[in-house]
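Position 78 of the sequence shown, counting from 1, maps to 94 under my numbering, and the rest follow consecutively.
The block underneath contains the structure these notes are about, expressed in structure tokens.
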Amino acid sequence: MAQPARSGLFRRLWPAGQDDGARAFRLAAIALTGVMAVMLVIVVVAAIMSPESKDQQQQAHQDAIANPQSVSQPDYGQKPQHSSDPGGWEQLALGGLLFGGIGLCGLWVVHTSRKARAARDQRRAPGTAPSA
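Here it is, written out as structure tokens:
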């Protein structure tokens with residue numbers, strides 16, 4: 017079976033003759049680098065856009081010391097006013113990224129293990145269909 021022609025970038029990322037393990041590692045490294053770059057951009061944007069001053073942070077700390085509670089009541093306290101407040105969009109976006117990333121890793125592990133199992137079964141009994 018003839019392989020399709022490869023473009024310049026594709027040829028550099030996946031050289032011909034490279035085994036599947038090295039390709040998978042390279043793909044994972046590229047994906048991890050991309051995720052880290054996105055997370056770095058999110059952190060930088062959040063740091064630049066943070067409207068709170070040191071005085072506001074110190075006042076919030078003083079209020080927390082004056083009225084300590086380990087478990088708050090439902091609907092107690094104030095709604096998030098800034099994106100960096102607890103329950104603000106930054107926390108929710110970061111939580112979504114973490115859960116999504118962990119979920120994608122899990123899906124990748126399941127996919128590669130099924131693929132490896134099918135290839136192993138095919139090698140053991142040539143001419144038979146791989147088990148599911």
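Ideal Cβ placement from N, Cα and C applies to all residues, glycine included.
None of the values given here were measured: they were computed from a predicted structure.
Under 7 Å, Cβ to Cβ, is there at least one residue of chain D near residue i?
i, result
"residue 78", "Here there is only one protein chain, and chain D is not present."
Tell me where the alpha helix (DSSP H) around residue i begins and ends.
i, result
"residue 131", "105–140"
"residue 36", "36–65"
Hey, how far is the Cα of residue i from the Cα of residue j?
i, j, result
"residue 77", "residue 135", "59 Å"
"residue 55", "residue 125", "23 Å"
"residue 49", "residue 114", "15 Å"
"residue 75", "residue 46", "44 Å"
"residue 106", "residue 139", "49 Å"
"residue 122", "residue 116", "10 Å"
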